[in-house]
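Engineer:
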Amino acid sequence: MNTITINGTHYDVKDDELSLSLLEFLRERNYMTGTKNGCERGLCGSCTVALNDKAVRSCITPMAKAVGSTVVTIEGMERPDGTLHPIQQAFVDCGAIQCGFCTPGMVMSAYALILRNPEPSREDIRKGMKGNLCRCTGYQQIVDAVEQAATVIREQALSPRPGCERDGSA
Amino acid sequence: MQTEKAYRNDAYAKVTGRATYADDISFSGMLHAVPVYADYVAAKDLRIDASEALRSPGCVRVITAADVPGSATFGQIEKDYPMFVSGQVRSWGDVCAIVVAETRVAAKAAAALVKIEATPVKPVLGIDEALKPGAPVVPSYGDSNIVTHHRLRHGDPEPLFAQAELILEEDFETQAIEHSYMEPETAVCVPRSDGVVEVYGSMQHPFSTRRFVAALLGEPLSSVEVYTIAVGGGFGGKDDTAAVVCARAALAAKLTGKPVKLRYDREWSFRESYKRHPYRMHYKVGVSSEGQVLAVKATMYADSGAYLSVTPWVTWRSTAQCFGPYAIDNIHADVYGVATNNIFSGAMRGFGSPQVNFAVEQIMDMAAHKLKIHPLGMRRINMVKQDSVTVTGQKLSGHTVSLEDVMNRVVHEIGYRKKYEKCSFGTADGDELYGIGLAISYRGASLGAEGMDFCSCIINGQYDGSILLETGIHENGQGSETTMTLVLAEELGVDLKRIRYRRSSTSVIPDSGTTVATRGTILGGSSVVIAARQYRKLLSDHLAERLRCKPEEVTFHDDKIWGLNYAYSLTWEEAMKELFLQRITPYAFGTFQAPPVSWDDTNGQGDAYFTYVYSCQAVELSVNKKTGAVTLLNIVAGHDIGKAINKAMVLGQMYGGVTQGVGMALMEDFVREEGKTRCLNFDAYKIPRMTDLPEMTGIIIENHDPSSLTGAKGIGEPALEIIAPAIANAVFNATGVRYTKLPIRVQPEDLA
Ligand code: FES
Ligand code: FES
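Here the protein sequences line up with chains A and B, keeping their order. Taking my numbering, I'd label the letters of the first sequence as residues 6 to 175. Taking my numbering, I'd label the letters of the second sequence as residues 159 to 910.
#1: Residue 835 of chain B CB to nearest chain A CB: under 7 Å?
#2: So, helix, strand or coil for residue 553 of chain B, using DSSP?
#3: Please report the distance separating the alpha-carbon of residue 478 of chain B from that of residue 839 of chain B.
#4: In chain order, what residues place their C-beta within less than 6 Å of a heavy atom belonging to ligand 1?
#5: Of the residues that make up the segment 358-389 of chain B, which ones have a beta carbon closer than 7 Å to any beta carbon in chain A?
#6: Kindly list the residues whose CB is nearer than 6 Å to the CB of residue 169 of chain A, restricted to its own chain and excluding five residues on each side of it in sequence; keep chain order.
#7: Residue 881 of chain B lies in the alpha helix (DSSP H); which residues open and close that run?
#8: Sorted by chain position, which residues of the same chain lie with C-beta nearer than 6 Å to residue 564 of chain B's C-beta, five sequence neighbours on each side aside?
#9: Helix or strand or just coil, what does DSSP make of residue 161 of chain A?
#10: Please tell me whether residue 269 of chain B and residue 194 of chain B are closer than 7 Å, where the distance is taken between their beta carbons.
#11: Roughly how many angstroms separate the alpha carbons of residue 282 of chain B and residue 294 of chain B, rounded to a whole number?
#12: So, at 6 Å on beta carbons, what are the nonlocal neighbours of residue 157 of chain A in its own chain, with the 5 sequence-adjacent residues on each side left out?
#13: Just to confirm the assignment, what range does the beta strand (DSSP E) spanning residue 540 of chain B have?
#14: Please confirm whether residue 476 of chain B has its beta-carbon closer than 7 Å to some beta-carbon of chain A.
#15: Going by DSSP in three states, residue 162 of chain B sits in which element: helix, strand or coil?
#16: Per the DSSP calculation, residue 199 of chain B is bridged to which residue(s)?
#17: Taking Cβ-Cβ distances below 7 Å as the criterion, which residues of the segment 50-63 of chain A are in contact with chain B?
#18: Should residue 79 of chain A be flagged as near chain B, meaning a C-beta pair shorter than 7 Å?
#19: When you check each C-beta in the segment 793-809 of chain B against every C-beta of chain A, which residues fall closer than 8 Å?
#20: Report all residues from its chain with a CB closer than 8 Å to the CB of residue 904 of chain B; omit the five preceding and five following residues, and keep chain order.
#21: With H, G and I counted as helix, E and B as strand and the rest as coil, what does DSSP make of residue 247 of chain B?
#22: Does the Cβ of residue 106 of chain A lie closer than 6 Å to at least one heavy atom of ligand 2?
#23: For the 8 Å Cβ check, are there 3 or more pairs between the segment 226-239 of chain B and the segment 458-470 of chain B?
#24: Skipping 5 residues on each side, what residues in its chain have a beta carbon closer than 8 Å to that of residue 18 of chain A?
#25: So, using beta-carbon positions, are residue 834 of chain B and residue 250 of chain B closer together than 7 Å?
#26: Return the residue from the list A/138, A/149, A/162 that minimises the CA-CA distance to residue 126 of chain A.
#27: Note the first and the last residue of the continuous beta strand (DSSP E) segment covering residue 599 of chain B.
#28: For the beta strand (DSSP E) that residue 62 of chain A lies in, which residues bound it at each end?
#29: In whole angstroms, what separates the C-alpha of residue 129 of chain A from that of residue 60 of chain A?
#30: Does any C-beta atom of chain B lie closer than 7 Å to the C-beta of residue 23 of chain A?
#31: In three-state DSSP terms, what is residue 232 of chain B?
#32: Short of 7 Å in beta carbon distance, which residues of its chain neighbour residue 583 of chain B, apart from the five on each side in sequence? Order them along the chain.
#33: Please indicate yes or no: does the CB of residue 99 of chain A lie closer than 6 Å to some heavy atom of ligand 2?
#34: Taking the alpha-carbon of residue 447 of chain B as reference, which of B/708, B/255, B/527, B/484 has the nearest alpha-carbon?
#35: Is the shortest distance between the beta-carbon of residue 424 of chain B and the beta-carbons of chain A less than 7 Å?
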């Protein structure tokens with residue numbers, strides 16, 4: 006049986022599920038609805054999750070390819086006690102959330118960005134996250150949030166790892 | 159970076175993925191529906207054969223107009239919009255059936271088997287064609303393609319053109335724009351055992367949705383309950399079409415007796431939902447040698463598309479604000495809405511003003527350039543000031559007319575004067591041409607004379623001291639629930655933690671009109687103030703004795719209720735207990751009615767709006783000589799919004815509005831080809847990305863507005879309506895070339 010690890014939990018992937026997209030597997034089969042579907046064609050970034058620490062668009066990631074990997078979704082970001090991940094907290098504090106539909110994808114893109122570049126400039130943030138569309142905010146406060154999150158993680162020497170990983174493996 | 163922390167009641171839910179949008183809701187036994195389109199732009203004798211689809215595995219039912227118990231067509235003004243089309247197809251977005259199946263995959267498979275035939279007729283594809291004598295008449299009602307006409311007659315411009323030093327005759331054109339909310343339309347409907355249909359939908363306006371649903375079902379409004387859930391953006395775009403999506407799902411639920419989800423693919427959303435009205439505008443403007451605008455004649459045509467929707471209201475705003483924020487004594491305007499077979503046009507953030515401002519704010523720069531007057535001076539001479547009379551004959555008094563101050567603040571912040579001298583005007587040493595440009599506006603707040611303006615609020619105190627708040631304003635992502643909560647906390651002097659904003663349903667709170675027209679804060683906020691006043695009076699009357707003072711001496715602050723000179727106080731817990739002991743319900747219901755406005759349709763004169771928001775936006779950019787690429791370098795937006803109840807949210811509205819305006823100026827174009835479109839997703843239809851934007855600065859200017867009980871006016875729409883002309887002006891100052899058509903696409907050969 007194929008398996009996939011999502012937010013620290015192992016899931017069996019049935020044969021008939023191999024033809025689904027990762028997004029369908031999350032939303033339709035396992036009711037993890039935090040990851041959003043905005044276009045289903047890989048064009049908007051609403052469905053972004055971290056797969057083996059890289060930001061991917063789950064709507065165009067086939068389950069056949071995703072099996073065996075480790076996935077973090079928005080549901081896995083907060084600490085087990087419900088405390089927000091520093092990236093999530095920065096989104097709240099900076100007013101980076103309006104309708105919120107792009108927010109889970111933005112947070113996951115920011116997470117992958119900070120993992121590979123702990124000290125991103127505003128330019129790096131804009132370039133690194135340009136695949137994530139937001140129609141509400143004009144991005145300014147999102148860039149603020151990612152910049153602030155990276156600073157907090159560095160200055161307070163926090164682990165950028167999400168709650169699910171610290172709880173499970175670390 | 160901002161230091162002050164932002165507050166939103168829904169931030170935690172949204173940032174953790176817990177917020178529930180329509181597609182996140184499921185019920186056991188739920189069926190799935192998908193729409194079926196007719197691949198025609200204009201056709202008659204529509205025939206639908208569903209027999210093969212019905213035999214497809216998992217297919218439960220195919221629903222067409224023939225199954226509709228109520229009315230298959232509906233609309234906000236004219237009931238012409240087909241929820242299920244029958245007989246005649248008028249646009250490529252028309253839906254002729256929905257297929258209901260056990261799974262979404264099965265529904266899509268069956269939908270492909272629905273056979274549709276019709277006899278094509280000659281479509282009317284644009285404004286010119288629609289106006290030609292003998293053109294086919296598109297609308298189902300009336301006998302002309304001119305579906306609305308507003309006139310404005312203020313003074314007499316004709317004789318004054320003779321006295322003008324400069325006469326400009328200019329044409330402008332704007333494009334169709336897709337709202338591009340990130341969440342496509344979705345509805346989940348549940349047939350309840352008491353006969354009521356419950357609706358959970360991604361829609362902007364629960365009460366409008368309820369009207370559409372009830373009409374299709376042929377049921378009274380009381381048999382439809384529309385719930386408020388998280389909505390992934392609207393921008394004016396989740397009314398008619400989103401409501402119809404809910405109505406179709408409701409009908410499917412009713413006919414099958416099962417919960418039904420109808421979730422739109424992005425492609426269907428782009429194909430079917432209404433767009434921003436494309437405009438064609440002609441202006442004749444006479445200006446004195448000093449820069450005084452003496453006379454204006456304006457004629458505009460808006461492409462309404464196949465259905466009327468709110469075209470009469472959109473074009474009304476274009477009429478009332480037909481020459482920007484300028485006091486012109488002699489001006490005539492005629493604004494027409496024209497029906498075509500294009501996918502229809504409807505409400506979008508800005509609502510008829512971004513188009514007009516695109517023309518007017520360029521005309522001001524054009525005239526200044528020709529007369530060799532400074533663009534700021536040109537504006538200063540003509541702009542509205544305290545007690546000015548507008549083009550509709552309204553005297554601007556009773557609130558602070560701060561336009562000049564707003565412009566000065568933005569000019570200062572961006573350094574316009576010095577930078578204007580450095581503009582390239584077509585010549586530069588390197589490849590990059592530099593330009594700075596600005597635009598100003600005033601915007602009538604709320605609906606104005608276009609509609610009935612009122613809003614209700616309920617405050618419901620609980621035994622333990624907690625408070626439930628609800629209003630008739632709908633959260634679309636802009637943060638209105640947060641705003642209302644902040645207003646109540648201030649009015650009652652309580653901690654935010656005490657208040658829970660209750661998401662209402664249409665069966666609970668009275669109809670309070672749409673959350674449109676930048677009216678959420680001003681109407682909703684004021685209704686909270688009214689209810690809070692009643693609530694304080696109720697509490698004062700019944701607690702004064704315990705506080706050993708007179709009722710008028712009771713005060714509310716620091717999360718307590720106080721007697722005279724702070725000698726006695728009650729916690730909210732104690733106060734509520736006391737009220738319940740006295741058998742008094744701690745409950746208040748308040749309604750705010752907007753101040754009166756007036757309008758005379760014959761001449762387009764009257765007090766169009768009860769107050770105005772004053773705005774200025776400026777932009778610096780460069781244009782590459784070799785490629786024509788426009789790079790935005792800096793944007794400053796300044797708005798007098800009365801009062802900022804939540805600063806971070808106000809700035810967010812500014813940045814977001816500016817960004818949508820940048821899309822309108824430089825990128826977005828919902829292109830129709832013979833009435834169809836290839837713009838069906840974010841590949842062919844491009845909206846701004848993070849890398850398309852410069853760092854932005856927002857300036858909040860606060861002159862408390864006396865007509866609003868909180869002092870706040872609103873920011874949603876003003877933020878979007880002037881960046882396009884500011885960009886056009888900056889492009890001219892960079893290149894020396896005028897672009898009068900949107901979107902602006904600079905070709906290298908233009909610069910040769
Ligand atoms: S939903 Fe996957 S990129 Fe848009
Ligand atoms: S907050 Fe609405 S799309 Fe980003």
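For each residue, glycine too, the CB sits at the ideal point set by N, CA and C.
Structural biologist: The answer reads as follows:
#1: Closer than 7 Å: no.
#2: Here DSSP, grouped into helix, strand and coil, assigns residue 553 of chain B to strand.
#3: Going by the C-alpha atoms only, they are around 35 Å apart.
#4: This criterion selects A/42, A/43, A/44, A/45, A/47, A/48, A/49, A/50, A/51, A/52, A/62, A/64.
#5: From the segment 358-389 of chain B, only 388, 389 have a Cβ closer than 7 Å to chain A.
#6: Within the same chain, residue 169 of chain A has close Cβ partners 12, 13, 81.
#7: Residues 881-893.
#8: Around residue 564 of chain B: 772, 774, 796, 798, 859.
#9: Coil.
#10: Yes, these two residues count as a Cβ contact at 7 Å.
#11: Between the alpha carbons of residue 282 of chain B and residue 294 of chain B lies a gap of roughly 7 Å.
#12: 91, listed in sequence order.
#13: Run containing residue 540 of chain B: none in the beta strand (DSSP E); it sits in the alpha helix (DSSP H), 533-540.
#14: No, residue 476 of chain B does not count as interfacial toward chain A.
#15: In this prediction, residue 162 of chain B has a pLDDT of 49, which is less than 50 and means its spatial position is unreliable; what the coordinates show is noted afterwards. Coil.
#16: In DSSP, residue 199 of chain B forms no bridge with anything.
#17: Of all residues in the segment 50-63 of chain A, 51 have a Cβ within less than 7 Å of some Cβ in chain B.
#18: Closer than 7 Å to some Cβ of chain B, the Cβ of residue 79 of chain A qualifies, so yes.
#19: Contact residues of the segment 793-809 of chain B toward chain A are 806, 807, 809 (C-beta to C-beta distance below 8 Å).
#20: Counting only Cβ-Cβ distances below 8 Å, and skipping sequence neighbours, we find 781, 786, 787, 788, 889, 893, 895, 897.
#21: Strand.
#22: Yes, ligand 2 has a heavy atom inside 6 Å of this Cβ.
#23: The answer is yes - the segment 458-470 of chain B touches the segment 226-239 of chain B, with three or more Cβ pairs under 8 Å.
#24: So the list reads 6, 7, 8, 9, 30, 68, 72, once near-sequence residues are dropped.
#25: Closer than 7 Å, so yes.
#26: For the set A/138, A/149, A/162, the Cα lying nearest the Cα of residue 126 of chain A is the one of A/149.
#27: That run of the beta strand (DSSP E) goes 590-602.
#28: Element bounds for residue 62 of chain A: 59-62.
#29: Residue 129 of chain A and residue 60 of chain A have their alpha carbons spaced roughly 15 Å apart.
#30: At least 7 Å separates the CB of residue 23 of chain A from every CB of chain B.
#31: Annotated three-state conformation of residue 232 of chain B is strand, per DSSP.
#32: Cβ within range, chain order: 891, 894.
#33: No - ligand 2 has no heavy atom lying nearer than 6 Å to the Cβ of residue 99 of chain A.
#34: For the residues B/708, B/255, B/527, B/484, the minimum Cα distance to residue 447 of chain B belongs to B/527.
#35: At least one C-beta of chain A is nearer than 7 Å to the C-beta of residue 424 of chain B.
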